[in-house]
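One structure below.
Residue numbers (my numbering), protein chains in the order written: chain A, 416 to 667; chain B, 416 to 667; chain C, 416 to 667; chain D, 416 to 667; chain E, 416 to 667; chain F, 416 to 667.
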């Protein structure tokens, strides 16, 4: 069930069945010579949308702009500052909490988002902790490639050249979902270098075409389809377990 | 051209042709008994995506969560506070400005966003004004229903019962684009009441099913298609005029 | 009744009669070759002070610095950033709300303030909406020239050359109230050009003497007196109607 | 010279003669049974306006709302939070600095403002210090009663019962300036108690009619006139000395 | 009793005896040619730690970074902006208040902190005042040299050359506590100049070796020991009086 | 070399040898029935202070309050909100960067700090990235237990009962450094339960005495000494490698 294609009354109906919602979250940032700028928000969106076709889980609109400051040296990247990102995540969560959602599950598509998302959750909890009251909802973030079974599939599909940015696995997923938008390019070296992530000027100087450790040419739509299937299965199981988790043990 | 389905190199290529970008912006909020929660971000996204099929204009990912605090009493609404919204708009614009975009055109789908978007633009300009330097880019916001020719078509399509929230025109557009998500409901009175907009508790007490002044049952996919066609034509003309506007006259 | 010339006990007495207060709000910014820097805060102050002489309405001190970033290229302009302006409006309103005022009416003298004032109101409402509680007060903003009857008088007084900044109507009002501060200057062209409003550097390059579309030399103290009289009458009626508006319909 | 009764061209002319400006700053807060709510911003405004009649000094509009959180338990008090106050002072100063003012002198009427004004100045300096650049302007705050000669006059006028809030000296000044707004009331004890200043609930419980240590009935318009005369003389001397202070010794 | 060398259960036990806590607070900033960068946080830490050896008072960890923007031109200075400092003080106080501490006593070692600490307290009180509720705790700040009896001892020890920054008294205290870190240097003039405090660039240009009005060579460990003894005695008395102060008089 | 026991001239001398500084950072929070509230800031302080005895590395004062919102249900915990923590880290780093430090190494003692510290670094980098300029310094954070060789030693010392909060390893380190502050307590079960970390109310309900998965009674001062020795060796190597890392490859 897609929240944005539902009426408010359908959502209030859903809340009678479950208090859990899945928010696809990512980033809009350069993904090397062949990756789409939307890769990191498209991947969790694709997986979540597939998942809701075979299970009664609710998917929120996609949070499509994240923390991508280091990619700002490449055209088309759009980033929030971490502090802005935290405020926005906070308002999303407070909105959902106001409707009675108690389990907020973020399916993340960008590793660079992870720390800031965790900090945003802590900020939300802190608001309650300083007031000495329950928060009313629990937050969880999961990178899609860390869903059970996905990383082992990735290792089989791409025994070398996977890397950490503009990876063939994420590009394969977008190829599977958007075959009209498959790109090709000549790039060298075949496997990009790796190193630290700092400010945008430093990043562009280190990683000339935007890749980090990857050979995105290994991506195929078929591999993307396999990855989506694995991720969907694991996502449904994890969301259902989160949904089933008993309420907080606090006394009143 | 969709930014998120492009590579960074394609965007840098586009910047050689034009410095203008269109950002669909809206809100995810209740739209009465038959309107989709995503109506306000879907409408500008639909129009913008159609427009780029027939003109060389660049469309950013959709800014899908806006200022909908008054709708928080209805399940599924997600809102940013105005202050958060302004910070996020600011970071989007600074990101785009960093790549060399000089004309940032926001196609807006939610009237309640308008003041805050304007305030966000002023905040961006103020940053430059206090520093005594040029901003480097110009911002413009346009509600899709204020595009030339659209409101007169709306008046012909819906001589009564259009109202101001959960209107048949916006619902018609989503029906045209997403025929699988057409909803029906019994509601009364046929035309909802109107009045002021304040906090969410007040809003829900005044407007029991979420509509303001509208009879959304008048919507049809056909009318939606007509509206999109009119809006697309006007959007292209307006964006091209903005693109052609000479640079700021400041000395240097 | 002027709040600042009253004791706290007189205000608590007033609150037994009415819960409505009028806040004159404007800006301190360049007003062309003959307009006073204080024009935009003086006009609502003048009108409000006149109004309280003939009706039992309470006037707050004047909020004299607003959102004038675009005028910072001209000496003497003092501006808040929109974000600061919103915080300050918020604290004014929370202060007044804490005393039991439930209707906060802002009489505005600067068009450039309008969006940010609306955004500030939304921020105040959002605070309540996220908490699921009533706000406790309602906010309204009215530009003095939009008071019933004023704009039609303006059109009769200044059939051409009114423009949108450093207008003869606002200057006429300050001439009527402060005849000792009537200025004259040679300027050309007689009617200034119009165009967009962006950052301060752009503004000064476009509008060399600060006027936008106006011929302020048309102002006379007599016309100012007529404008004040019309505005006072409409203000009293509008404030009384706001005061009489029934409380919010929310249940508890 | 009053900034708000000048044109921008007159201000740019003044800047050719002097780079110093005086900003009256105060608070709008309860002042006991007979004091006006505006007392703390009226006093510096009165003194500054008198001073500019006999010396070529420039007076800004009055910053009329300050840090009065402790008085919020009494009707009519309007306060900024310290953080808001600092942001607003910052924007005033940056605006003035942008025009070339290098000496910003705040004449303060409310003791409770003092620490926050100093903190605001430090915030402005810190902005430059972190960037390793000159600030471009210097800030100074002076409570009017600390002007040379004033406190000794106060001691002669009010050997007992002066106190620290709703003092006869400040009330005398407003009586001198606004004889139409002289109030009387029965209050007891004749001299109010003193003690700490904390949150508003605590304050109202400690100081039932709002006074702290004072007997405001000792005020007369004549004493007010004497105080204004003393303050004006000292203000002019101090402002001229500030204006004459050589520029910062930093190398470049 | 040192909080950080206690378990949480020991603290909850202490709260059964007293609701008062002492927070040493200072700054890490240049202290002239012979003073340690940590001088301003070490002094209150030393005094507080001594005091808890002879009285049942609880000492928090040291708040070691304060408002030292003006010293940023000298290597090793670490400063918070005033706005950051206020937020951090706020979180410390809210944390302590959440545990039931009702008297928060800050022993300050840096004059430049004082205004910002006061502003931070006002921000905390304002939070309660706007909400119309009690704050729940009271805050007090005391510079160690203003403890009863200390300044008179200082005057006897250093009849000339004490000055206001890098003073022999504060350096004597660190010499007494850390005899391994006594520094010597040639400097001239023997007594440094005095003047205003503004941004860092200005400060370094005015005060070449960092001293203001002082001759730190007058410091000896013995004088430091005398100062600590005097301060400890006064601190204990003042903290016990604060602890004994009756609760706020507010009704409920 | 301890920064706070140095003069500013000694620091400027050090900067001629190295541009790297180590900041011990932790938290002040409950550590179960026998752990000190200061454990998490004492551990990195102890290790860093030992390290500078045998290598020429510079240690900053300890950043002793971190992100411990979940522990606020236990007496003595002091926490910053993540947003405050980020601002404070930002000001520390900007201060150090202003002096010419280019490698800022944070030795962290609290796992709960990690995400927020990373987010703070991203905020600092983003400031530069949005401006299109180099940041000027690089930041690195390392949890002391993740230093090379430490976790394997921990596994040998505590094959079971190590857990994740109030662990015997961290308590052992404080026992070694502060033998006067070794605590004992009866607690049950011997090994505490584990689970999620959310707001403080939830945390205290789940973890009655504050431990998570640990048996702190396994700690001994001897094991602490071994841990410190291992950590010191690895810290020195890692800091020297960071110091030796070549400057950013960006062109100018």
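Virtual Cβ for every residue (Gly too), placed ideally from N, Cα, C.
Values in this document were obtained by computation on a predicted structure and should not be read as measured data.
Subject >> Rounded straight-line distance, which links the Cα of residue 547 of chain F to that of residue 667 of chain F >> reply: Sequence index remark: in the sixth chain, residue 667 of chain F carries index 252 (1-based). Sequence index remark: in the sixth chain, residue 547 of chain F carries index 132 (1-based). In this prediction, residue 667 of chain F has a pLDDT of 46, which is less than 50 and means its spatial position is unreliable; what the coordinates show is noted afterwards. Answer to the nearest angstrom: the Cα atoms are 12 Å apart.
Original post:
Taking the alpha-carbon positions, what's the residue 552 of chain A to residue 563 of chain C distance?
Top reply: As a position in the first chain, residue 552 of chain A is number 137, starting the count at 1. As a position in the third chain, residue 563 of chain C is number 148, starting the count at 1. Approximately 49 Å, taken between the alpha carbons.
**OP:** Could you spell out where the beta strand (DSSP E) holding residue 621 of chain D opens and where it closes?
**Re:** Position 206 of the fourth chain holds residue 621 of chain D. Counting along the chain, residue 621 of chain D falls outside any beta strand (DSSP E), though it belongs to the alpha helix (DSSP H) covering 615-621.
**OP:** Classify residue 417 of chain C as helix, strand or coil using the three-state DSSP reduction.
**Re:** As a first step, residue 417 of chain C is located in the third chain; it is residue number 2 there, counting from the start. The answer is strand: DSSP assigns residue 417 of chain C an E or B state.
Subject >> C-alpha distance - residue 440 of chain E paired with residue 447 of chain F, whole-angstrom precision >> reply: On the fifth chain, position 25 is the one that residue 440 of chain E refers to. On the sixth chain, position 32 is the one that residue 447 of chain F refers to. Cα-Cα distance, rounded: 27 Å.
Original post:
For the 8 Å Cβ check, are there 3 or more pairs between the stretch 422-434 of chain E and the stretch 485-503 of chain D?
Top reply: no
Subject >> Cβ-based burial, residue 617 of chain A [other Cβ within 10 Å; buried from 16] >> reply: Locating residue 617 of chain A in the first chain gives position 202, counting from the first residue. Burial call: buried.
Original post:
Does DSSP classify residue 594 of chain A as helix, strand or coil?
Top reply: Numbered from 1 along the first chain, position 179 holds the residue referred to as residue 594 of chain A. In this structure, residue 594 of chain A counts as helix in the three-state DSSP scheme.
Original post:
Using a Cβ cut-off of 7 Å, which residues of the stretch 528-540 of chain E contact any Cβ in chain D, in chain order?
Top reply: 530, 531, 533, 534, 537, 538 and 540
Original post:
From C:600, C:486 and C:438, pick the residue whose C-alpha is nearest to that of residue 527 of chain C; which is it?
Top reply: In the third chain, the residue the question calls residue 527 of chain C occupies position 112. Nearest of C:600, C:486 and C:438 to residue 527 of chain C, Cα basis: C:486.
**OP:** With a 10 Å radius around its C-beta and 16 neighbouring C-beta atoms as the bar for buried, classify residue 443 of chain D as buried or exposed.
**Re:** Your numbering for residue 443 of chain D matches position 28 in the fourth chain. Buried, by the Cβ-count rule.
Original post:
By the criterion of Cβ-Cβ separation under 9 Å, what are the contact partners of residue 363 of chain E in chain F?
Top reply: The requested residue 363 of chain E does not occur in the structure, where chain E is confined to residues 416 to 667.
Subject >> Option nearest residue 451 of chain B by Cα separation, candidates B:599, B:649, B:622 and B:612 >> reply: Counting from 1 along the second chain, the entry for residue 451 of chain B is found at position 36. Closest option to residue 451 of chain B, Cα to Cα, is B:599.
Original post:
How big is the Cα-Cα spacing for residue 649 of chain F and residue 655 of chain F?
Top reply: Numbered from 1 along the sixth chain, position 234 holds the residue referred to as residue 649 of chain F. Numbered from 1 along the sixth chain, position 240 holds the residue referred to as residue 655 of chain F. Taking the straight line from one Cα to the other gives about 10 Å.
Original post:
What span of residues does the beta strand (DSSP E) with residue 557 of chain E cover, start to end?
Top reply: As a working mapping, residue 557 of chain E is identified with position 142 in the fifth chain. From DSSP, the beta strand (DSSP E) with residue 557 of chain E extends over 553-558.
**OP:** Using only alpha-carbon positions, find the residue among F:469, F:557 and F:505 that is nearest to residue 529 of chain F.
**Re:** In the sixth chain, the residue the question calls residue 529 of chain F occupies position 114. Taking only the C-alpha atoms, the option nearest residue 529 of chain F is F:557.
Original post:
By the 10 Å Cβ neighbour count, where 16 or more other Cβ atoms means buried, how is residue 518 of chain E classified, buried or exposed?
Top reply: For the purposes of this step, residue 518 of chain E is identified with residue 103 of the fifth chain, where counting begins at 1. It is buried - the Cβ of residue 518 of chain E has at least 16 other Cβ atoms within 10 Å.
Original post:
With distances taken from CA atoms, which of B:612, B:567 and B:627 is nearest residue 606 of chain B?
Top reply: By 1-based counting over the second chain, the position of residue 606 of chain B is 191. Residue 606 of chain B has its Cα closest to that of B:627, out of B:612, B:567 and B:627.
Subject >> Terminal residues of the beta strand (DSSP E) in which residue 480 of chain F lies >> reply: As a working note, residue 480 of chain F is residue 65 in the sixth chain. Looking at the DSSP string, residue 480 of chain F is not in any beta strand (DSSP E), and its letter there is neither H nor E.
Original post:
For residue 458 of chain B, which residues from the same chain have a beta carbon less than 8 Å from its beta carbon, with the 5 sequence-adjacent residues on both sides left out?
Top reply: Working through the second chain from its first residue, we reach residue 458 of chain B at position 43. Closer than 8 Å at Cβ, skipping near neighbours: 441, 524, 559, 585, 588 and 589.
**OP:** Could you tell me whether the Cβ of residue 427 of chain C comes closer than 8 Å to any Cβ of chain D?
**Re:** As a first step, residue 427 of chain C is located in the third chain; it is residue number 12 there, counting from the start. With a threshold of 8 Å between beta carbons, residue 427 of chain C makes contact with chain D.
**OP:** Kindly examine the ligand COA and report whether one of its heavy atoms sits closer than 7 Å to the Cβ of residue 564 of chain A.
**Re:** Among the components of this structure there are no ligands whatsoever, and the ligand COA is therefore not found.
**OP:** Over the uninterrupted alpha helix (DSSP H) stretch that includes residue 531 of chain E, give me the two end residues.
**Re:** For the purposes of this step, residue 531 of chain E is taken as the residue at position 116 of the fifth chain. Note, residue 531 of chain E: alpha helix (DSSP H), 529-546.
**OP:** Could you list the residues in the stretch 561-587 of chain C with a C-beta less than 8 Å from some C-beta on chain B, going in chain order?
**Re:** none
Subject >> residue 668 of chain D versus D:474, D:631, D:652 and D:593, residue with shortest Cα-Cα distance >> reply: Nothing about residue 668 of chain D can be reported from this structure: the residues present for chain D run from 416 to 667 only.
**OP:** Provide the residue(s) that pair with residue 436 of chain A in DSSP beta bridges, ordered along the chain.
**Re:** Numbered from its first residue, the first chain carries residue 436 of chain A at position 21. Per DSSP, A:519.
**OP:** Report all residues from its chain with a CB closer than 7 Å to the CB of residue 531 of chain B; omit the five preceding and five following residues, and keep chain order.
**Re:** Residue mapping note: residue 531 of chain B aligns to position 116 of the second chain, counting from 1. Same-chain partners within the cutoff: 482, 497, 500 and 501.
**OP:** Mind listing the chain D neighbours of residue 614 of chain E? Cutoff is C-beta to C-beta under 7 Å, in chain order.
**Re:** Taking the first residue of the fifth chain as position 1, residue 614 of chain E is located at position 199. Within 7 Å Cβ-Cβ: 540, 543, 544, 549 and 550.
**OP:** Using the Cα positions of residue 466 of chain D and residue 533 of chain D, report the straight-line distance between them to the nearest angstrom.
**Re:** As a first step, residue 466 of chain D is located in the fourth chain; it is residue number 51 there, counting from the start. As a first step, residue 533 of chain D is located in the fourth chain; it is residue number 118 there, counting from the start. Approximately 24 Å, taken between the alpha carbons.
Original post:
Quick one, which residues of the stretch 619-650 of chain E are near chain D if we go by CB-CB under 8 Å, in chain order?
Top reply: 619, 620 and 621
Original post:
residue 651 of chain D by DSSP, collapsed to three states: which one?
Top reply: Position 236 of the fourth chain, counted from the start, is the residue given in the question as residue 651 of chain D. Correct three-state label for residue 651 of chain D: helix.
Subject >> Amino acids of chain A, ordered along the chain, whose beta-carbon sits closer than 8 Å to that of residue 509 of chain E >> reply: Locating residue 509 of chain E in the fifth chain gives position 94, counting from the first residue. Result: 545.
**OP:** Using beta-carbon positions only, say whether residue 657 of chain C and residue 540 of chain C come within less than 8 Å of one another.
**Re:** For the purposes of this step, residue 657 of chain C is taken as residue 242 along the third chain, with counting starting at 1. For the purposes of this step, residue 540 of chain C is taken as residue 125 along the third chain, with counting starting at 1. No, the Cβ-Cβ distance between residue 657 of chain C and residue 540 of chain C is not below 8 Å.
Original post:
What does residue 493 of chain E pair with, by DSSP beta-bridge criteria?
Top reply: Within the fifth chain, the letter at position 78 stands for residue 493 of chain E. For residue 493 of chain E, the beta-bridge partners assigned by DSSP are E:443.
Original post:
Does residue 521 of chain F get closer than 8 Å to chain I when you measure Cβ to Cβ?
Top reply: Of the protein chains in this structure, namely A, B, C, D, E and F, none is chain I.
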